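Read through the structure below, which is laid out as structure tokens, and then see the notes.
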Amino acid sequence: MKVDIALFASLSGFHTEAGDGHTRHYELAPGTTIADVIAMFGLPDQPRIVFVGGRHAEETSELHEGERLAIFPPVAGG
Amino acid sequence: MPTDTTGAPDSGERMIPQEELRRILASKTVAILGCGGLGSNCAAMLVRSGVLKLTLVDFDTVEAGNLNRQMFFTDQVGMIKVDALAITLGRIDPSVNLRVIHECINAENMLGMITGADVIVEAVDSAETKALILHLCGREVPDVPLISASGLAGHASANRIETIRLADSLWVAGDLTSDIRDGHALVASRVMIAAAHQAHAVIRILLGLEGA
Numbered sequence: 001m002k003v004d005i006a007l008f009a010s011l012s013g014f015h016t017e018a019g020d021g022h023t024r025h026y027e028l029a030p031g032t033t034i035a036d037v038i039a040m041f042g043l044p045d046q047p048r049i050v051f052v053g054g055r056h057a058e059e060t061s062e063l064h065e066g067e068r069l070a071i072f073p074p075v076a077g078g
Numbered sequence: 001m002p003t004d005t006t007g008a009p010d011s012g013e014r015m016i017p018q019e020e021l022r023r024i025l026a027s028k029t030v031a032i033l034g035c036g037g038l039g040s041n042c043a044a045m046l047v048r049s050g051v052l053k054l055t056l057v058d059f060d061t062v063e064a065g066n067l068n069r070q071m072f073f074t075d076q077v078g079m080i081k082v083d084a085l086a087i088t089l090g091r092i093d094p095s096v097n098l099r100v101i102h103e104c105i106n107a108e109n110m111l112g113m114i115t116g117a118d119v120i121v122e123a124v125d126s127a128e129t130k131a132l133i134l135h136l137c138g139r140e141v142p143d144v145p146l147i148s149a150s151g152l153a154g155h156a157s158a159n160r161i162e163t164i165r166l167a168d169s170l171w172v173a174g175d176l177t178s179d180i181r182d183g184h185a186l187v188a189s190r191v192m193i194a195a196a197h198q199a200h201a202v203i204r205i206l207l208g209l210e211g212a
């Protein structure tokens, strides 16, 4: 299945597909979860928030054809 | 054509007269989670702009080291931050209506803090607490706009700070990367620019200028 994945800020360097900007197109196996994607990229264990289609999602959620996953790591300071 | 960073062309928006703008803003409630560098300055800008119903949340007290960037004064050192900020906001506009909560934000109490808010401002300093707030708001109140901040430390160009709409109900002000854990200092000008971005995003949302 085809899924768009956006990795923001320090996570953008973990993309494995070439391209510009935050978002890349990926071909994933049916049943792939957000947690599987995080493991596939080897994202660091740090605070992060995930969205699918612009709505909050749990990392245990399965992705579906045509969806857009966004992963954002807030950084400290305020 | 110049556009704002959320994509809406400024020139295509209707002009809202000052009196109508203040009437709209006065009818809304904003919850500010964290009243340090971001939250205290954001609150002051919102009250000056006409937002008169605010919930202020912070667990901390004013320290001398806060005065380099936070909306507090030397005679307020030692005071509870939300109490000191309430006094300052009342001096800006005596008609301000404040709910003041002197507590540390956690998963158990956060939802009660944002009850009735038309917009929520995430203005804490810890990345873990930012993630907690974004996670809980996204899960429990997904249709309430949330304005977060991420990447405001250091002395890099002020022009790197922008407002980005990351999700349907989430806007983030900052450069997304400058982290105090990397050793960056906190500079008043940059912190206050991020706070101003947050305040302005709140105002645009309350005026209905940010779309569904």
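Chains as they are written, first to last, in our numbering: chain W, 1 to 78; chain X, 1 to 212. The beta-carbon is built from N, C-alpha and C at its ideal position, and this holds for glycine as well. If you're wondering where the values come from, they're calculated on a predicted model, not measured in any experiment.
Let's test the definition: count the other Cβ atoms within 10 Å of the Cβ of residue i and tell me whether it reaches 16, buried, or not, exposed.
i	result
R91 (chain X)	exposed
D125 (chain X)	buried
K2 (chain W)	exposed
T3 (chain X)	With a pLDDT of only 36 at T3 (chain X), under the threshold of 50, the placement of this residue in the model should not be trusted; the figure read from the coordinates follows. So T3 (chain X) counts as exposed.
M15 (chain X)	exposed
F51 (chain W)	buried
M1 (chain X)	Low confidence applies here, because M1 (chain X) scores a pLDDT of 32, under 50, leaving its location unreliable; read the following figure in that light. Exposed: under 16 other Cβ atoms inside 10 Å.
T115 (chain X)	exposed
C104 (chain X)	exposed
G7 (chain X)	Any reading at G7 (chain X) needs caution, since the residue's pLDDT is 45, under 50, leaving its predicted position unreliable; the model's value is listed next. Exposed.
H184 (chain X)	buried
G13 (chain W)	exposed
G12 (chain X)	exposed
N106 (chain X)	exposed
P145 (chain X)	buried
Q198 (chain X)	buried
F72 (chain W)	buried
F73 (chain X)	exposed
H22 (chain W)	buried
Measure the CB-CB distance between residue i and residue j and report whether it falls below 7 Å.
i	j	result
S169 (chain X)	G151 (chain X)	no
L46 (chain X)	V96 (chain X)	no
V172 (chain X)	I32 (chain X)	no
R68 (chain W)	D4 (chain W)	yes
L209 (chain X)	I24 (chain X)	no
V57 (chain X)	V119 (chain X)	no
K28 (chain X)	D60 (chain X)	no
Q70 (chain X)	S40 (chain X)	yes
E78 (chain W)	G138 (chain X)	Position check: residue 78 (chain W) holds Gly in this sequence, whereas Glu was assumed. The answer is no: Cβ separation not under 7 Å.
I49 (chain W)	L111 (chain X)	no
V77 (chain X)	A64 (chain X)	yes
A127 (chain X)	P44 (chain W)	no
L38 (chain X)	A156 (chain X)	no
A35 (chain W)	E59 (chain W)	yes
Between which two residues does the beta strand (DSSP E) containing residue i stretch?
i	result
N97 (chain X)	97 to 101
R72 (chain W)	Here the sequence assigns Phe to residue 72 (chain W), which means Arg is not the residue at that position. That run of the beta strand (DSSP E) goes 68 to 72.
I164 (chain X)	162 to 167
I147 (chain X)	146 to 149
V121 (chain X)	119 to 122
V172 (chain X)	170 to 174
What is the DSSP secondary structure of residue i, counted as helix, strand or coil?
i	result
R55 (chain W)	strand
A8 (chain X)	Confidence at A8 (chain X) is low in this model, with a pLDDT of 49, below 50, so the placement of that residue is unreliable and no value is reported for it.
D4 (chain W)	strand
I193 (chain X)	helix
E260 (chain X)	No information on residue 260 (chain X) is available, as it lies outside the stretch 1 to 212 that chain X covers here.
I32 (chain X)	strand
P2 (chain X)	Here P2 (chain X) scores only 35 on pLDDT, less than 50, and its place in the model should not be relied on; the value that follows carries that caveat. Coil.
E62 (chain W)	strand
V50 (chain W)	strand
T177 (chain X)	coil
I16 (chain X)	coil
T74 (chain X)	helix
I80 (chain X)	strand
T16 (chain W)	coil
A76 (chain W)	coil
N159 (chain X)	helix
I24 (chain X)	helix
G211 (chain X)	coil
V202 (chain X)	helix
D182 (chain X)	helix
L11 (chain W)	helix
R69 (chain X)	coil
G90 (chain X)	helix
A214 (chain X)	Nothing about residue 214 (chain X) can be reported from this structure: the residues present for chain X run from 1 to 212 only.
What residue does the alpha helix (DSSP H) around residue i start on, and which one ends it?
i	result
R24 (chain W)	Per DSSP, R24 (chain W) belongs to no alpha helix (DSSP H); it is in the beta strand (DSSP E), 23 to 27.
V47 (chain X)	37 to 49
L54 (chain X)	Unbroken run through L54 (chain X) is the beta strand (DSSP E), 53 to 57; no alpha helix (DSSP H).
H135 (chain X)	127 to 140
V37 (chain W)	34 to 41
G112 (chain X)	110 to 113
Hey, residue i and residue j are a contact pair by Cβ (cut 8 Å); roughly how many whole angstroms apart?
i	j	result
A117 (chain X)	T163 (chain X)	Incorrect: roughly 19 Å between the Cβ atoms, too far for contact.
T33 (chain W)	S61 (chain W)	6 Å
I161 (chain X)	D175 (chain X)	6 Å
G54 (chain W)	A167 (chain X)	5 Å
A6 (chain W)	A70 (chain W)	4 Å
R190 (chain X)	G154 (chain X)	7 Å
P47 (chain W)	K130 (chain X)	7 Å
A149 (chain X)	A194 (chain X)	5 Å
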